[in-house]
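Numbering (the numbering used here), first residue to last: 1 to 172.
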């Protein structure tokens, strides 16, 4: 974590609309060591760099991601907060729960940190970390568990490939 903070301090003021090849190489080297998805945005808010963890999460090729905006890939759980994603790189926020755009799954919590330079905000670093759980999540989880456990019908939880991973007492 300290190495990452040092890197971001070094990056401060060097991120431009067209990052140099040297800067991209430094970002690739550092981001390769980071397990969480990470994006570097230029001053217009377009994705100028992303690490392999982000590409795996998006299930996309680097060329399809570079030059796009974060709001094209993610949406906040409270869609009224999507305006923050659209205003990047300016606002600093997070962590805030996000899901893949459309009906995609929850992927974690998004955090955005603007990068200051001589001209003001010259970009941002956006990371997707573990999902932050709220009290509301716990209440909903308990309610759903109660419905699942006491349902009169058989209920199954399965993966996308069809493998059953849990069943309620009625199904057993």
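Ideal placement from N, C-alpha and C gives every residue a C-beta, glycine not left out. Bear in mind that the values here come from a model prediction, so they are computed numbers and not experimental data.
Ranked by Cα distance from residue 98, the options 121, 115, 126 are led by 126. Residue range 164-167 is occupied by the beta strand (DSSP E) that includes residue 166.
Residue ranges of uninterrupted beta strand (DSSP E) with 3 or more members, entirely inside the region 56-116 and ordered along the chain, are 74-76, 93-100. For residue 91, the CB contacts under 6 Å within the same chain, skipping 5 residues up- and downstream, are 84 in chain order. For residue 40, the enclosing beta strand (DSSP E) begins and ends at 38-41. The bridge partners DSSP lists for residue 46 are 69. Separation of the CB atoms of residue 96 and residue 76 is rounded to 6 Å, and the pair is thereby assigned contact status at 8 Å.
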